[in-house]
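Chains A and B, in that order, are what the protein sequence lines are.
With the first letter of the first sequence counted as 1, position 211 gets the number 200 in our numbering; the numbers rise by one all the way through.
With the first letter of the second sequence counted as 1, position 350 gets the number 470 in our numbering; the numbers rise by one all the way through.
Notes follow the structure.
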Amino acid sequence: MRFVDEYRDPELARTLARELAELVEPGSVFHLMEVCGGHTHAIYKHGIMDLLPPEVDLVHGPGCPVCVMPLGRVDDALFLARQPDVLFTTFADMMRVPGSKETLLDARARGADVRMVYSPLDALELARRNPDRQVVFYAIGFETTTPSTAITLLRAQAEGIANFSVFCNHVTIEPPLRAILDAPDVRLDGLVGPGHVSTVIGSDAYRFVAEEYGRPVVVSGFEPLDILQSIHMLVRQLVEGRAEVENQYTRAVSPEGNARALAAIAETMELRESFEWRGLGALPRSGLRLREAFAGFDAELRWELPHADVPDAKACQCGQVLRGALKPWECKVFATACTPERPLGTCMVSSEGACAAAYLYGREHVGVPA
Amino acid sequence: MTPQDLSRYQVPTEAGVPLPEMPPKDGVIAAEPAPLIDEAPADDASTANTAGYQVPPAREVSRGGRRRPRLRDERITLAHGAGGTATHALVEELFLEELRNPALEQLGDAGLVRAGVERLALSTDSFVVRPLAFPGGDIGELAVNGTVNDLSMAGARPLALSAAFVLEEGLEVEELRRYARSMARAAAAANVQIVTGDTKVVEHARGDGLQITTAGIGLLDERVSLGPHNVRAGDAVLVSGTLADHGMAVMVARGELALEAEIRSDTAPLNGLANALFALGPALRWLRDPTRGGLATTLNELAQATGLAVRLDESALPVRPEVAAACEILGIDPLYAANEGKLIAVVAPERADEALRLLRAHQIGAEAAIVGAVAPEPAGMVALDTSFGGSRIVGMLVGDPLPRIC
Chain A
-10 MRFVDEYRDP
0 ELARTLAREL
10 AELVEPGSVF
20 HLMEVCGGHT
30 HAIYKHGIMD
40 LLPPEVDLVH
50 GPGCPVCVMP
60 LGRVDDALFL
70 ARQPDVLFTT
80 FADMMRVPGS
90 KETLLDARAR
100 GADVRMVYSP
110 LDALELARRN
120 PDRQVVFYAI
130 GFETTTPSTA
140 ITLLRAQAEG
150 IANFSVFCNH
160 VTIEPPLRAI
170 LDAPDVRLDG
180 LVGPGHVSTV
190 IGSDAYRFVA
200 EEYGRPVVVS
210 GFEPLDILQS
220 IHMLVRQLVE
230 GRAEVENQYT
240 RAVSPEGNAR
250 ALAAIAETME
260 LRESFEWRGL
270 GALPRSGLRL
280 REAFAGFDAE
290 LRWELPHADV
300 PDAKACQCGQ
310 VLRGALKPWE
320 CKVFATACTP
330 ERPLGTCMVS
340 SEGACAAAYL
350 YGREHVGVPA
Chain B
121 MTPQDLSRYQ
131 VPTEAGVPLP
141 EMPPKDGVIA
151 AEPAPLIDEA
161 PADDASTANT
171 AGYQVPPARE
181 VSRGGRRRPR
191 LRDERITLAH
201 GAGGTATHAL
211 VEELFLEELR
221 NPALEQLGDA
231 GLVRAGVERL
241 ALSTDSFVVR
251 PLAFPGGDIG
261 ELAVNGTVND
271 LSMAGARPLA
281 LSAAFVLEEG
291 LEVEELRRYA
301 RSMARAAAAA
311 NVQIVTGDTK
321 VVEHARGDGL
331 QITTAGIGLL
341 DERVSLGPHN
351 VRAGDAVLVS
361 GTLADHGMAV
371 MVARGELALE
381 AEIRSDTAPL
391 NGLANALFAL
401 GPALRWLRDP
411 TRGGLATTLN
421 ELAQATGLAV
431 RLDESALPVR
441 PEVAAACEIL
451 GIDPLYAANE
461 GKLIAVVAPE
471 RADEALRLLR
481 AHQIGAEAAI
491 VGAVAPEPAG
501 MVALDTSFGG
511 SRIVGMLVGD
521 PLPRIC
């Protein structure tokens, strides 16, 4: 496949792996966090860990938008989906996420009108075609997906579509990174920076990691060679004693990001005082809500949501996994009480969740039975 | 695959379980009495042996550390029809529990019965697909090929089929005629006849336009005895052609993805290929067609039934470039997408090249490949050596394959 095979060349991979092994000093381990769930899955799917020397330890990060959603917000979504006049729309990944009692798939089996969409614009189209229904879009995601929600809101406003609203759960990447870098139980030497998020916010957005925390960042693409090269670049910085922001994903990411996307977000949304994250707790100025001018499209204002503060299941250790404090298989319910078909925690649900990746692809390595 | 897409909604049917009665009885056509079968007791020891289906000893299963899927859901969701773990839980914990008998316990693509001295395979399959017609085929063709293939994979030569239609009020007669014609063409291609049928009509919005259930009987071929108990470490694993064509063709044809691609379903009868492989005799160990859940799910079933491992070589897996590209864009793993005209064969290693030649001699087997081997470890699992130089587990499908968000 053109434009893909080039980034999966096993010969180049072996060369890179050899160079990497020569760079590290035996016995001195570097702990590198791949922030993005897409990277986590690519690492498992292509078996990248098999190519790394033992001195490189990969730690999975919080960059899975489904995983960081707290139970209370999932319950709010289920509340909306159950309203009789509501046509509830969501990305596929959220369908299987358990709330405190059920998932959106369960709600649908009980008669709720829940539809999967591929873009918020599809939800807007449903609103146009169903003027007698209230169409709600369950917006989740980091800066990657926020611009498409923003543009949909601008279009809804321009067309005056009154039966459309957004349940906004968009979050930003900087606060959780700070929380993890500040955490006493997580020791990280460098970050493999998110790729898709960075196409919007730009690689300069991570300068605080280098300047305030003294840790290197390499923004990485998603193909296996991208990731291997990014790890190589990180290790080189560490060996040479540098802490800089480097960009491996230059074919998609610029230092300053996408100004038009950022402007659309700024026009439609603003930071909340605080937003609750699974595993990380309430982080100040980490979540987005609709601006006053778009209040008419805000599902949180249109309905009175329960907004309950629901604690995670006791046995669930998603929090520690999301912070990189635990490897997925070190969680006490991994592959026992928590499996992809019966997930206790979000990390086991999402196609980007670290536990789902470890379960689906990695059990051979960690010796967990099928 | 979106949750709406159940290209094959056949949960109970593969196991030979009758479908529940459809509510309204609005008319019956061509309702001839089914051929009578003199059924010998299925627990007859000789039947169990020659039929080629044995439950692997419990010890071997537990060696794989396998826990049976549990049915803990209160209601049916679309995941129960997707062919993965939820389907298995439903079949094993509900249908098998309630309808248990030795033939059903084998959970093969076909149930095996005896009629006098003849050994017969009986199989049934229901078809729900949206859209009803798609590039490369339609529901009529699928319905014939599906049952022909299930019989062939059991080691039988298909003899005759039945077809039952659930029509939704409002369906255009001309459209229905088109599907009937493609059934006739498919039956002719597979050299079988549709000898009985049934029709029901349901109210508007209570059906899916058209649902077809076919059943078929076949004569077991004397030369082979297929089943997981034959499979040994070291055996070769072959596929008869490219993967994921049907699943991706249907997904693209639905037109919801703003994705245009020339992908055609691979729906085809496999009895010709199967018959060619029967010439291998006992060296042919096991056959399956990887429909719902794809190659990954079918091979996981094999791994669990044998307590052995299947090791795949990613670079050997045949996938058309346009299918690979569509999968890449949608975040779908081609190993989990449905096929409707492909078989997986496990063959003794010394006959693997011969099996490959036999497959490639057929038009629909021209792209056949040896894709891996049975191995002792990791027990009960499917592992993949990636073309990138690493390795990973290929798990069973969980729920429906859903396109990713970003």
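Even for Gly, the Cβ is constructed at its ideal location relative to N, Cα and C.
Check, Outcome
"Are A/Thr257 and A/Ala139 closer than 9 Å when you measure CB to CB?", "yes"
"In the structure shown, what three-state DSSP assignment does B/Ala356 receive?", "strand"
"Are B/Pro389 and B/Gly336 closer than 9 Å when you measure CB to CB?", "no"
"Label A/Gly149 either buried or exposed according to how many other C-beta atoms from any shown protein chain fall within 10 Å of its C-beta, with 16 as the threshold for buried.", "exposed"
"In terms of residues, what are the limits of the alpha helix (DSSP H) holding A/Ser219?", "Pro213 to Val228"
"List the endpoints of the continuous beta strand (DSSP E) containing A/Thr78.", "Val75 to Thr79"
"The beta strand (DSSP E) spanning A/Met105 covers which residue range?", "Val103 to Met105"
"Please classify A/Gly213: is it buried, with 16 or more other beta-carbons within 10 angstroms of its beta-carbon, or exposed?", "According to the sequence as given, residue 213 of chain A is Pro; it is not Gly. A/Pro213 is buried by the Cβ-count criterion."
"Is A/Lys34 helix, strand or coil by DSSP?", "helix"
"So what does DSSP say about A/Asn158, is it helix, strand or coil?", "strand"
"With H, G and I counted as helix, E and B as strand and the rest as coil, what does DSSP make of B/Arg305?", "helix"
"If I measure Cβ to Cβ from B/Pro177 and keep anything under 8 Å in the same chain, skipping five residues before and after, which residues do I get?", "With a pLDDT of only 36 at B/Pro177, under 50, the local geometry of the prediction cannot be trusted, and the value read off the model is given with reservation. Result list for B/Pro177: empty, nothing under 8 Å."
"Would you mind working out which of B/Leu198, B/Ala364 and B/Trp406 sits nearest B/Ala457, comparing C-alpha positions?", "B/Ala364"
"Take B/Ala499 as the anchor and find which of B/Val514, B/Leu478, B/Glu289 and B/Leu252 has the nearest alpha-carbon.", "B/Val514"
"List, in order along the chain, the chain A residues whose C-beta lies closer than 8 Å to that of B/Val264?", "By Cβ distance, chain A contributes nothing, its closest Cβ being about 31 Å from B/Val264, past 8 Å."
"For B/Ala493 versus B/Ala403, is the C-beta distance shorter than 9 Å?", "no"
"Quick check on this structure: which residue in A/Pro165, A/Ala248, A/Lys321 and A/Phe323 has the alpha carbon closest to the alpha carbon of A/Val57?", "A/Pro165"
"Assuming the contact rule is C-beta atoms closer than 8 Å, A/Asn247 and A/Val207 should be a hit. Round their C-beta distance to whole Å, please.", "Contact flag wrong, Cβ pair sits at about 20 Å."
"From A/Gln123 to A/Ala112, what does the alpha carbon distance come to, in whole angstroms?", "11 Å"
"Determine, using beta carbons only, whether A/Gln237 and A/Ser209 come nearer to each other than 9 Å.", "yes"
"A/Ala194: which of A/Val228, A/Glu233, A/Leu223 and A/His221 sits nearest, CA to CA?", "A/Glu233"
"Output, in chain order, the set of chain A residues within a Cβ distance shorter than 7 Å of B/Phe254.", "What B/Phe254 touches in chain A: nothing, since even the nearest Cβ is about 19 Å away."
"I want to see whether chain A comes within less than 9 Å of B/Val518, judged by CB atoms only; does it?", "yes"
"Is it right to say A/Glu(-5) is buried, meaning 16 or more other beta carbons lie within 10 angstroms of its own, or is it exposed?", "exposed"
"Taking Cβ-Cβ distances shorter than 9 Å, what residues in chain A pair up with B/Ile383?", "Simply none; closest approach about 14 Å."
"Would you mind stating whether A/Pro173 and A/Thr141 have Cβ atoms separated by less than 9 Å?", "no"
"When burial is assigned at 16 or more other CB atoms within 10 Å of the CB, is B/Glu434 buried or exposed?", "buried"
"Check A/Ser187 in the structure and name its three-state DSSP category.", "helix"
"Against A/Met329, what residues of chain B qualify as contacts under a CB-to-CB distance less than 7 Å, listed in chain order?", "A small fix is needed here, since residue 329 of chain A is Pro in this sequence, not Met. What A/Pro329 touches in chain B: Val518."
"Using a Cβ cut-off of 8 Å, pull out every chain A residue sitting near B/Arg192, in sequence order please.", "Arg331"
"From the DSSP secondary-structure annotation, give me the bridge partner or partners of B/Ala429.", "B/Ala495"
"Just the Cα atoms here: how many angstroms apart are A/Met364 and B/Gly275?", "Shown here, chain A extends from -10 to 359; a query on residue 364 of chain A therefore has no answer."
"Let me see if you follow: with CB-CB separation under 9 Å, is B/Glu180 close to chain A or not?", "Residue confidence is low: B/Glu180 scores 32 on pLDDT, short of 50, so the model does not pin down where it sits. No coordinate-derived value is stated."
"Taking Cβ-Cβ distances below 9 Å as the criterion, which residues of the region 403 to 425 of chain B are in contact with chain A?", "Asn420, Ala423 and Gln424"
"Any residues in the region 198 to 215 of chain B with a beta carbon nearer than 9 Å to a beta carbon of chain A? Which ones, in chain order?", "Leu198, Ala199, Gly204, Thr205, Ala206 and Ala209"
"Could you confirm whether any beta carbon from chain B is found closer than 9 Å to the beta carbon of A/Ile162?", "no"
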